[in-house]
Amino acid sequence: MPAGFPDFRLGSVLATSFTATLTERQGDAVERIPTPHRLVDWLAVNGLAVDSCTTAQLDLARELRESIHAAATAAAIQDALPASAVHVINDCSIQGRAAAILTPEGKRRWRLSSASCVEDALSVIAADAISIIAGERDGKLALCASPTCKAAFFDTSQSRTRKWCDMNTCGNRQKKARFHAKQRKNPRSVE
Ligand SMILES: [Zn+2]
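Take the sequence shown: its letter number 40 is residue 40 in the UniProt record's numbering, and every next letter is one higher.
Take a look at the structure:
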C-alpha cells in the first residue's frame, strides 16, 4: 500500500464496502480513494482487478458510490429511493460487462470484458447494490449509529440489531466515548 493514503475498510458486502471508501460523511470526511490509482488498488482487493483508471473513471466511480449511499440510506429508513441515484446505479449496471466464473475450487470470480475497463467493475458493484436495496439478500439495510458517520450498512446479524457500520472503528469509538462519559460522571468507578 502506498504510504500516505488512508487504508480501506473491508467488509463482506461489496456495495457497502465500496460506499465505505468515503467515511465520516457527517463529520470530517475521509476520502479513501483520493486518486485513480487508489481505486485500482481497491478494486484489486475486492476481486475486480483492472490495469488502469482515468480521472473520468474515478469521477464515475465516486458518482456511483454516492448514488449507492443515497439509495441505500433511503432504503434503510424506508424512504422513497431518489430518482437520480437510481438512474446512476442502473446506468452503471447496464454499461459494464462482467461475467461470473466458477473456479474449480467452487468459488465465484468476476471476469471483466477488458483489463482496463473500470466500467465493468462498477457494473458488478452496481448489481450488488441493487440486490441488497431490492431486499433480495438475507439481511437488512441500516444506518450507523455514530453521529459523524451514519453510513448505510448491511446487517446480516441474526437479531438484525447491529448498530455500527464497523465494530473496529465506529463501534469502538462509541464504546470509548461512553466509557469516558461514565468516568467523568463517576470518577472513582473502575471498569
Ligand atoms: Zn459508522
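Beta carbons are placed, not taken as given, at the ideal position from N, Cα and C, and that holds for glycine.
Because the structure is a prediction, the values reported are computed rather than measured.
Local conformation of residue i per DSSP, three classes
i      : result
GLU31  : strand
ARG38  : helix
ALA115 : coil
ALA20  : coil
ALA44  : helix
ALA134 : coil
ALA72  : helix
SER67  : helix
ALA152 : strand
LYS176 : helix
Assumed close pair residue i, residue j - CB separation to whole angstroms, cut-off 8 Å
i      : j      : result
ALA177 : ARG162 : That belief does not hold up - the Cβ atoms of ALA177 and ARG162 are roughly 18 Å apart, past 8 Å.
ALA145 : GLN183 : No, ALA145 and GLN183 are not in contact; Cβ-Cβ is about 21 Å, not under 8 Å.
VAL50  : VAL40  : 6 Å
Residues that DSSP places opposite residue i in a beta bridge
i      : result
ARG108 : LEU102
Length of the line joining the Cα atoms of residue i and residue j
i      : j      : result
ALA80  : THR16  : 19 Å
VAL13  : THR19  : 10 Å
LEU58  : PRO36  : 6 Å
TRP42  : ARG109 : 16 Å
ALA121 : GLU24  : 25 Å
LEU48  : PHE154 : 21 Å
CYS149 : GLU136 : 26 Å
VAL190 : ALA181 : The predicted model places VAL190 with a pLDDT of 49, which falls under 50 and marks its position as unreliable, so this point remains unresolved.
Closest by C-alpha distance to residue i, when choosing among the options
i           : options                    : result
residue 267 : THR21, ALA29, ASP28, GLN26 : Lying outside 1 to 191, the shown extent of the chain, residue 267 is not represented and no answer is given.
SER131      : THR54, ILE89, THR103       : ILE89
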